[in-house]
Amino acid sequence: RARGSMEEIKIKLIAIAKNEAANLPQWVFHHFRLGVDSIDVYVNGSSDNSIEISRKINSFEPRFRYYDADHRLKKCTLKDKNFQKYIYKRAFKKCKRDGSFSHLLVLDLDEYLMPDKLEHNLKDMIRSTGKASVIAFPWCFDAPNSSKTEPFQEFICTKINLEPYHIVKSVGRLSEIKKVLPHGFILSSKSIQSSIGAKRILSSGIEINQNNSRIHGSHLSRKLLNVFKNKVTESWFTLHRVNKSEAEYL
3 RARGSMEEIK
13 IKLIAIAKNE
23 AANLPQWVFH
33 HFRLGVDSID
43 VYVNGSSDNS
53 IEISRKINSF
63 EPRFRYYDAD
73 HRLKKCTLKD
83 KNFQKYIYKR
93 AFKKCKRDGS
103 FSHLLVLDLD
113 EYLMPDKLEH
123 NLKDMIRSTG
133 KASVIAFPWC
143 FDAPNSSKTE
153 PFQEFICTKI
163 NLEPYHIVKS
173 VGRLSEIKKV
183 LPHGFILSSK
193 SIQSSIGAKR
203 ILSSGIEINQ
213 NNSRIHGSHL
223 SRKLLNVFKN
233 KVTESWFTLH
243 RVNKSEAEYL
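Everything in the sequence shown is counted per the numbering used here, starting at 3 for the first residue and increasing by one.
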């Protein structure tokens, strides 16, 4: 292959964290292993040692950065503003100003992007979709194996009980994003009106449009979700961890 023929992809992951100290290390290094290049976490309203853990991670891995966002939270509360939307807007603008990233991924700390095969890489997955503007990864809940969940049990493994859900998390091409939503992106009018046209696709390869989704492709129709369910074992998805022990929630 000729040098320069492969698109350079650099992925920024942003997240908001509250009392997630116990989950931060595994979450951070899982996504670095998948191919994410840089992670920014905005810590807020935490009574645990999230800041100390974040500082420790940063000392080993400078591609991870954290921000104490308590003053931002207070400001939003006083002005009756949505804190999540405020942080996403601020983080998006910061990422655009940086100018070195091609794609943006937004997740929560209880959400893990999962590949079709554990050895696969997110950059290769993005390249395989061509010039897609947005790639959506459906939520899959970790359905319990038993009535009792042991604290901090292994959950990234070869066999997981999954229950797909109609909401997605997405990675988007930065140059085509106008606004960040909790589960997707509003695309710029320039992108939508281009000769190629903005393209949203599901991780299984199916195109997402107004007929099979709503809220800018972030909520799938029942029919599209059922199609994905049949391909979940061979597709990337977002593992949404809800099956946690009481100790983990506390």
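Here a beta-carbon is modelled for each residue, glycine too, at the ideal position from N, C-alpha and C. All values reported here derive from a predicted model rather than from experimental measurement.
Just curious, the beta strand (DSSP E) that A19 is in, first and last residue? Locating residue 19 in the sequence shown gives position 17, counting from the first residue. 13-19 is the extent of the beta strand (DSSP E) around A19.
When DSSP labels each residue in this structure, what does F66 get in the three-state scheme? The count along the sequence shown starts at 1 and reaches residue 66 at position 64. F66 falls in the strand class under three-state DSSP.
Quick check on DSSP: helix, strand or coil for A93? Translated into positions along the sequence shown, residue 93 becomes position 91. Residue state, collapsed to three classes: helix.
Going by beta-carbon coordinates alone, are S172 and V136 separated by less than 8 Å? Start at 1 with the first residue of the sequence shown, and residue 172 comes out as number 170. Start at 1 with the first residue of the sequence shown, and residue 136 comes out as number 134. Closer than 8 Å, so yes.
In DSSP terms, what R175 is bridged to: Here residue 175 refers to the residue found at position 173 when the sequence shown is read from its first residue. Beta-bridge pairing links R175 to H105.
My output table needs one value for T131: the three-state DSSP class, helix, strand or coil. Reading the sequence shown from its first residue, position 129 is the one you call residue 131. Of the three classes helix, strand and coil, the one that applies to T131 here is coil, per DSSP.
I think K20 touches G47, with their Cβ atoms under 8 Å apart; what is that distance to the nearest whole Å? Taking the sequence shown and counting its residues from 1, the one referred to as residue 20 is at position 18. Taking the sequence shown and counting its residues from 1, the one referred to as residue 47 is at position 45. Between G47 and K20 the Cβ distance is about 5 Å, and since that is below 8 Å, they are a contact.
Beta-carbon contacts of N60 that lie in its chain and below 8 Å, excluding the five residues immediately before and after: Within the sequence shown, residue 60 is the residue found at index 58, counting from 1. For N60, where only same-chain residues beyond five positions count, the Cβ hits under 8 Å are F66, R67, Y68.
If you measure between the beta carbons of V182 and F94, is that distance less than 8 Å? Looking up residue 182 in the sequence shown gives position 180. Looking up residue 94 in the sequence shown gives position 92. Yes, Cβ-Cβ distance for V182 and F94 is below 8 Å.
Under the three-state DSSP convention, the category D144 falls into: The count along the sequence shown starts at 1 and reaches residue 144 at position 142. Strand.
Thinking C-beta only, is R74 closer than 8 Å to Y90? As a position in the sequence shown, residue 90 is number 88, starting the count at 1. As a position in the sequence shown, residue 74 is number 72, starting the count at 1. Contact: no.
Is it true that the CB of F239 sits closer than 8 Å to the CB of C142? Stepping through the sequence shown from its first residue, residue 142 is reached at position 140. Stepping through the sequence shown from its first residue, residue 239 is reached at position 237. Their beta carbons are under 8 Å apart, which means C142 touches F239 by this criterion.
For the candidate residues S104, L204, R57, R224, whose alpha-carbon lies nearest to that of S237? As a position in the sequence shown, residue 237 is number 235, starting the count at 1. Shortest Cα-Cα distance from S237 to any of S104, L204, R57, R224 involves L204.
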